[in-house]
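Note that the working numbering has the sequence shown beginning at 306, numbered continuously upward. Worksheet: one structure, shown below.
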Amino acid sequence: PCRDRQAIMKVLLLKDPKEDDCGQDPYIRLSHPEGYGGLIFTSPRAVEAVELCLEKDSKTEALGSSPNGHFGICYSHQISCFTVWRKSLKEKWNAKSVYVVGNATASLVNKIGLHTEGENCGNAEKLAEYICSRIPVESLTVYKTIPHPGIQGNLNSYYSQQGIPASITFFSPSGLTHSLKHIQELSGDNIDQIKFVAIGPTTAHALAAQGLPVSCTAESPTPRALAAGIRTALQPHGC
């Protein structure tokens with residue numbers, strides 16, 4: 306019987322579309338150490354991304370500029386750039402602070418010739434405290450999270466046309482904060498039948514903090530992994 310079920314389930318993704326899906330993430334200008342106060346590697350994957358850059362014998366493209374004294378942070382995202390890693394360039398980076406999160410990351414950074422510090426902190430939060438204790442820090446608020454102006458109207462329209470969704474996916478804690486009240490009002494007593502899905506662990510924790518059951522957390526923040534997770538969450542019991 307389960308095999309023959311062909312009912313179409315509606316899935317609501319709470320995510321604003323990108324303005325440019327072909328855009329690339331900002332990357333680090335490894336060829337210009339004079340513009341930074343140091344480097345921060347947040348994971349082994351960040352080091353692997355830099356290694357990919359070092360394997361290419363071409364210059365890094367420049368995107369924007371950075372005032373002296375700022376830190377270049379190598380996040381765990383794919384870096385689509387090429388760079389030349391000369392001996393003099395490596396020495397210039399070693400004259401600055403190179404912070405890492407954990408011993409595993411430190412080991413990989415050492416292999417590309419950089420000296421590290423902060424690896425014994427153990428996690429990003431303690432590393433941040435370590436860095437702040439060693440350098441002057443100025444707090445600067447660069448953005449403020451506000452709700453999408455059309456969120457209530459969009460949800461009202463969806464519910465009036467499509468009814469109660471089988472699943473709702475949240476892409477950020479702020480998305481949950483700004484939409485949950487409207488979803489609860491529109492769903493009423495039927496909210497218990499909705500499968501709540503999170504794009505990652507941080508959003509999953511935010512859902513749990515609101516007392517909502519998390520039916521699925523995507524194994525990775527990709528459309529394929531999310532689709533697989535939603536598919537599993539919507540499987541009828543016993544199938």
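Glycine included, every Cβ here is placed at the ideal spot set by N, Cα and C. All figures in this text were calculated on a predicted structure; none of them were measured in a lab.
State the DSSP-derived secondary structure class of residue 522, mapped to helix, strand or coil.
Strand.
Classify residue 406 as helix, strand or coil using the three-state DSSP reduction.
DSSP places residue 406 in the coil class of the three-state scheme, outside both helix and strand.
Closest to residue 339 by C-alpha separation, out of 354, 356, 401 and 407, would be which residue?
Measuring from the Cα of residue 339, the nearest candidate turns out to be 401.
Would you check if the region 421-440 and the region 470-477 touch, i.e. whether three or more CB-CB distances between them fall below 8 Å?
Cβ pair count under 8 Å is below three, so no.
Using alpha carbons as the reference points, say which of 441, 463 and 479 lies closest to residue 453.
Considering only alpha carbons, the answer is 479.
By alpha-carbon positions, which one of 514, 509, 516 and 528 ends up nearest to residue 522?
Of the listed residues, the one whose Cα sits closest to residue 522 is 509.
Counting Cβ pairs closer than 8 Å, one from the region 513-521 and one from the region 486-493, do we hit at least three?
Not touching, per the Cβ criterion.
Would DSSP call residue 400 helix, strand or coil?
Of the three classes helix, strand and coil, the one that applies to residue 400 here is coil, per DSSP.
Does the distance from the CB of residue 399 to the CB of residue 413 come in under 8 Å?
Cβ distance not < 8 Å, so residue 399 and residue 413 don't count as in contact.
What does residue 502 pair with, by DSSP beta-bridge criteria?
Under DSSP, residue 502 takes part in a beta bridge, and its partners are 474 and 521.
DSSP on residue 516, reduced to helix/strand/coil?
Coil.
Comparing alpha-carbon positions, which option in 433, 488 and 467 lies nearest residue 404?
Looking at the Cα atoms, 433 is the closest of the given residues.
Helix, strand or coil, according to DSSP, for residue 538 in the structure here?
Helix, per DSSP.
Give me, in chain order, the residues of the same chain whose beta-carbon lies closer than 8 Å to that of residue 251; leave out the 5 immediate sequence neighbours on both sides.
With the chain represented from 306 up to 544, any question about residue 251 goes unanswered, as that position is not in the structure.
Name the one or two DSSP bridge partners that residue 339 has.
Answer is none; residue 339 lacks a bridge partner.
Excluding the 5 residues flanking residue 460 on each side, which residues of the same chain have their C-beta closer than 8 Å to its C-beta?
Its chain contains 484, 487, 488 and 491 as the residues whose beta carbon lies nearer than 8 Å to that of residue 460, once the 5 sequence neighbours on both sides are disregarded; these appear in chain order.
Would you call the CB atoms of residue 502 and residue 534 closer than 8 Å?
Here residue 502 is near residue 534, since their CB atoms are less than 8 Å apart.
Out of curiosity, what's the CA-to-CA distance linking residue 537 and residue 396?
Per the coordinates, the alpha-carbon of residue 537 lies some 51 Å from the alpha-carbon of residue 396.
Measure the CB-CB distance between residue 528 and residue 504 and report whether it falls below 8 Å.
Not in contact: residue 528 and residue 504 (Cβ atoms no closer than 8 Å).
Around the C-beta of residue 345, are 16 or more other C-beta atoms found within 10 angstroms, so that it is buried, or is it exposed?
It counts as buried.
Can you give the Cα-Cα distance for residue 541 and residue 337, rounded to whole angstroms?
Spanning the two alpha carbons is a distance of roughly 55 Å.
Spatial distance of residue 449 from residue 477 (CA atoms):
Each residue's CA atom was taken as its position, placing residue 449 and residue 477 some 14 Å apart.
Inter-residue Cα distance where the pair is residue 427 and residue 466:
Whole-angstrom Cα-Cα distance: 50 Å.
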